[in-house]
Amino acid sequence: GGATSGSAQPCWRCARESERPATAQPEVFPAELPDAIRGMEPQGSARLNSRKRRKEGVGPNGAAEADGIPTKMPRNCLGLREPAPFSDELEVDYSKPYIRVTYEEALRGTPLDRPVRVYADGIFDLFHSGHARALMQAKNLFPNTYLIVGVCSDELTHNFKGFTVMNENERYDAVQHCRYVDEVVRNAPWTLTPEFLAEHRIDFVAHDDIPYSSAGSDDIYKHIKEAGMFAPTQRTEGISTSDIITRIVRDYDVYARRNLQRGYTAKELNVSFINEKKYHLQERVDKVKKRVKDVEEKSKEFVQKVEEKSIDLIQKWEEKSREFIGNFLEMFGPDGALKHMLKEGKGRMLQAISPKQSPSSSPAHDRSPSPSFRWPFTARTPPSSPAGLSRNKSTITYDISEDEED
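In terms of this note's numbering, the sequence shown has 165 at position 69, counting the first letter as 1, and numbering is strictly consecutive.
1. Just checking my contact of residue 240 with residue 214 at CB under 8 Å: how many whole Å lie between their CB atoms?
2. Taking contact to mean at least 3 C-beta pairs separated by less than 8 Å, is the region 299 to 306 in contact with the region 256 to 266?
3. Three-state secondary structure (DSSP) at residue 332?
4. Using the C-alpha atoms, what's the distance from residue 217 back to residue 180?
5. Quick check: what's the CA-CA separation for residue 315 versus residue 282?
6. Is the region 271 to 289 touching the region 303 to 319 in the sense that three or more CB pairs, one from each, lie closer than 8 Å?
7. Which residues in the same chain as residue 423 place their Cβ atom closer than 6 Å to its Cβ, once the five residues preceding and following it in sequence are excluded?
8. Is DSSP giving residue 303 helix, strand or coil here?
9. Under three-state DSSP, which class holds residue 368?
10. Our contact map puts residue 238 next to residue 203 with C-beta atoms below 8 Å; I'd like the distance itself, whole angstroms only.
11. How should residue 375 be labelled, buried or exposed, when 16 other C-beta atoms within 10 angstroms of its C-beta is the threshold for buried?
12. What residue does the beta strand (DSSP E) around residue 218 start on, and which one ends it?
13. Quick check on DSSP: helix, strand or coil for residue 246?
14. If you count every other CB in all the chains shown that lies within 10 Å of the CB of residue 309, and 16 or more means buried, which is it?
15. Under 7 Å, do residue 271 and residue 220 count as touching if we go by C-beta distance?
16. Mind checking who residue 281 pairs with in its DSSP beta bridge?
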C-alpha cells in the first residue's frame with residue numbers, strides 16, 4: 097500500500113507498472129491536453145467555462161464532437177485486473193511534510209513517484225456513463241494524475257439530497273470498478289475541510305463548475321475555488337441519475353409488467369392485487385393484439401402474392417388471346433388461308449369437270465362430260481363398251497349452267 101503523497105514510495109499502480117516485462121510499452125501521455133484542460137485557469141479569472149457538454153454530433157461510443165473521433169490503436173493486455181483500493185486500507189507515510197504542487201507544476205508534469213493527487217466526490221447512484229466521463233476528465237487533468245474519489249454515505253445523502261436507489265456499499269463497489277479510479281474514500285464528507293484535504297494530501301479538487309448549493313451554502317466548493325485548488329470538469333448532457341429515475345417513473349406500468357413477467361411477485365414490486373390483475377390482463381390483451389397483427393401481416397402477404405399471380409395470369413391470358421385471335425383471323429378472315437384454299441379447290445374442280453374443246457367442236461355452250469367423269473347425282477354408270485358409249489351419247493346430253501358450276 098504505497099499510496100503516500102510526498103514520499104519516495106510509488107503508488108500501487110506504479111508498482112504494478114514496474115512489475116511488467118521489459119518488453120511492455122510504458123504508458124505514454126498525449127502531447128496535447130484536451131481543450132478543457134488547456135483552457136483551465138486558476139480561480140479568480142473572469143473566464144466562464146461551459147457548464148454542460150453538448151451532445152450534438154455524437155461520435156462513437158457517445159463521444160461528443162468536441163472530443164474528436166479517436167484514432168484506432170493496437171490492442172494491448174495492460175488493463176487493470178483488480179478494483180481500486182479503499183483509502184482506509186492503504187498505508188500512508190506521514191513522516192514527510194505535505195507540500196502541494198502548483199497548477200503550473202502540475203501542467204508541466206511531475207515525477208512518477210510524485211503524482212498530482214486529484215480528488216473528486218459525489219453520490220454515484222446508478223453509476224452511468226456521465227459519472228465515468230467526469231472521472232475520466234479528472235484523471236486526464238494533468239500528465240501524471242492520481243485520482244481519489246470520495247463517495248458519500250447513505251446517511252449524509254438522505255439528509256442533504258434525498259433517497260438513493262443503491263445503498264452505500266453498492267455505490268462504493270461501482271466506483272471501485274471504474275478504470276480511472278486509483279483510490280476510493282468511503283463515507284466522504286459533504287463539505288471539504290482543510291483537515292480532510294491535508295489528511296488525504298489533495299492537490300486539486302475536480303468537479304463541474306456549476307455552483308452547488310447545499311447544506312446552507314450557495315456553493316459548497318466556494319472556498320476550494322478561492323484557494324485555487326478547483327479544477328473544473330464538464331457534465332454530460334442527457335444522462336444523469338435523475339433522468340434515469342424519471343424514465344422509470346414515467347413508464348412505471350411498462351416496467352412493472354416487465355418484472356412481473358420475469359418472476360417478481362406483486363409484493364416485491366409493491367403492486368396491489370387489482371393492479372396485478374390489470375397488468376396480467378393487459379399482457380394477455382397485448383399477446384392477442386400481437387397475434388392478430390401477425391395474422392394481418394401474413395394475410396396481407398398472401399393477398400399480395402395472389403394479386404401478383406393473378407396479374408401474371410391475366411397478362412399471360414391476354415397474350416394467348418391475342419395470339420389465338422390472330423391465328424383465327426389468319427385462317428378464317430376475309431383474306432385468310434381458308435378462302436384461298438376454297439378458291440384454289442374451286443378452280444381445280446372446274447378444271448376437272450370441264451371438257452376439253454376441239455377446234456371443230458359445236459358451239460361453246462354444248463358441253464359433254466369427260467369420258468372418265470362419274471356424276472355424283474346419277475345412278476347410271478356410263479357403259480364401258482364403245483357401242484354403249486356411243487348410244488348413251490346419242491340419248492343423254494347435259495347443259496351445266498353457271499350456278500351449277502358454283
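Even for Gly, the Cβ is constructed at its ideal location relative to N, Cα and C. In this text the structure is predicted, and so the values were computed from the model without any measurement.
Looking at the atomic coordinates:
1. Counting from 1 along the sequence shown, the entry for residue 240 is found at position 144. Counting from 1 along the sequence shown, the entry for residue 214 is found at position 118. With 8 Å as the limit, residue 240 and residue 214 do not qualify as a contact, their Cβ atoms being about 10 Å apart.
2. Fewer than three Cβ pairs drawn from the region 299 to 306 and the region 256 to 266 lie within less than 8 Å of each other, which leaves the two stretches out of contact.
3. Taking the first residue of the sequence shown as position 1, residue 332 is located at position 236. Of the three classes helix, strand and coil, the one that applies to residue 332 here is strand, per DSSP.
4. As a position in the sequence shown, residue 180 is number 84, starting the count at 1. As a position in the sequence shown, residue 217 is number 121, starting the count at 1. Spanning the two alpha carbons is a distance of roughly 15 Å.
5. Within the sequence shown, the letter at position 219 stands for residue 315. Within the sequence shown, the letter at position 186 stands for residue 282. Each residue's alpha carbon lies about 23 Å from the other.
6. These segments touch.
7. Taking the first residue of the sequence shown as position 1, residue 423 is located at position 327. So no residue of the chain qualifies.
8. One-based indexing of the sequence shown puts residue 303 at position 207. Three-state result, residue 303: strand.
9. For the purposes of this step, residue 368 is identified with residue 272 of the sequence shown, where counting begins at 1. Three-state DSSP puts residue 368 in coil, outside helix and strand.
10. Locating residue 238 in the sequence shown gives position 142, counting from the first residue. Locating residue 203 in the sequence shown gives position 107, counting from the first residue. About 6 Å separates the two Cβ atoms, so the contact holds.
11. If you number the sequence shown from 1, residue 375 lands on position 279. Residue environment analysis places residue 375 among the buried positions, since at least 16 neighbouring C-beta atoms fall within 10 angstroms of its C-beta.
12. Walking along the sequence shown from the start, residue 218 turns up at place 122. Segment 212 to 218, the beta strand (DSSP E) holding residue 218.
13. Residue 246 sits at position 150 when you count from the first residue of the sequence shown. Shown here, residue 246 sits in a strand according to DSSP, grouped into three states.
14. On the sequence shown, residue 309 is found 213 positions in, with the first residue counted as 1. Residue environment: residue 309 is assigned as exposed (fewer than 16 neighbouring CB atoms within 10 Å of its CB, all protein chains considered).
15. Indexing the sequence shown from 1 puts residue 271 at position 175. Indexing the sequence shown from 1 puts residue 220 at position 124. Cβ atoms of residue 271 and residue 220: closer than 7 Å.
16. Working through the sequence shown from its first residue, we reach residue 281 at position 185. DSSP, once it has assigned bridges, lists 246 as partnering residue 281.
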